[in-house]
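Notes to accompany the following structure.
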Amino acid sequence: MAKEKPEYEVVEEFSVMANQIVEKYPEEFYGVEVDKVRCVKIINKDRSDKKPSLWQLTAVKMPMLLDSPYGWYITLHASDWDSLSEKHQLLLVSQILCGLPTDATEGRVNGFDSKDFKLMQRTFKTIDYLDDPDIPHILEEDISWVKK
């Protein structure tokens, strides 16, 4: 039996949220080029239990980059994105922004063991901040980001 091909839809809210986060916290997300990032969601399938990550960040490499205005694509599932509250979506967007390199390196992403992801863990005091119902709304509250 043939696998069902995923159907994709652009997540416009992601771009809006990413811009708001970078604008509000320019020091923490310095160098992130939001206009080079495109988020899409798979609308016809739920995420497999075999895939623990809510999202996948893929760098666009040369020569495809010549024809694409985007350097990175984020893929997630509509069922995951839509189940998150706005404040959890904002944290997810922040987490993803930590995966983007801020130097001029094209065609790569930051690994999960990177120091940039530690910003999220230090600031929100847990690895499971996306499951915490009491997390702050990072656009409505002023967050003191913990870099070290």
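In UniProt numbering, the protein residues as written are 1 to 148. Glycine is no exception: its CB is placed at the ideal position from the N, C-alpha and C atoms. It should be emphasised that the depicted structure is a prediction, and the values quoted were computed from it without experimental measurement.
Quick check: what's the CA-CA separation for residue i versus residue j?
{"i": "Thr102", "j": "Ser48", "result": "31 Å"}
{"i": "Met120", "j": "Thr126", "result": "8 Å"}
{"i": "Pro133", "j": "Asp35", "result": "30 Å"}
{"i": "Trp145", "j": "Lys24", "result": "12 Å"}
Classify residue i: buried if its beta carbon has 16 or more other beta carbons within 10 angstroms, exposed otherwise.
{"i": "Gln95", "result": "buried"}
{"i": "Ala78", "result": "buried"}
{"i": "Leu76", "result": "buried"}
{"i": "Arg41", "result": "Sequence inspection shows Lys at residue 41; the Arg mentioned does not correspond to that position. Per the 10 Å Cβ criterion, buried."}
{"i": "Glu7", "result": "exposed"}
{"i": "Lys3", "result": "exposed"}
In chain order, what residues of the same chain have a beta carbon less than 6 Å from the beta carbon of residue i, not counting five sequence neighbours either side?
{"i": "Met17", "result": "Leu90, Val93"}
Once the 5 residues before and after residue i are set aside, which same chain residues still bring their CB inside 8 Å of it?
{"i": "Glu86", "result": "His137"}
{"i": "Leu130", "result": "Leu54, Leu84, His88, Leu91, Leu92, Gln95"}
Residue j and residue i - do their beta-carbons sit closer together than 8 Å?
{"i": "Cys39", "j": "Ile74", "result": "yes"}
{"i": "Val22", "j": "Phe14", "result": "no"}
{"i": "Glu12", "j": "Ile43", "result": "no"}
By DSSP's criteria, residue i is part of a beta bridge. Which residues make up the other side?
{"i": "Ala59", "result": "Trp72"}
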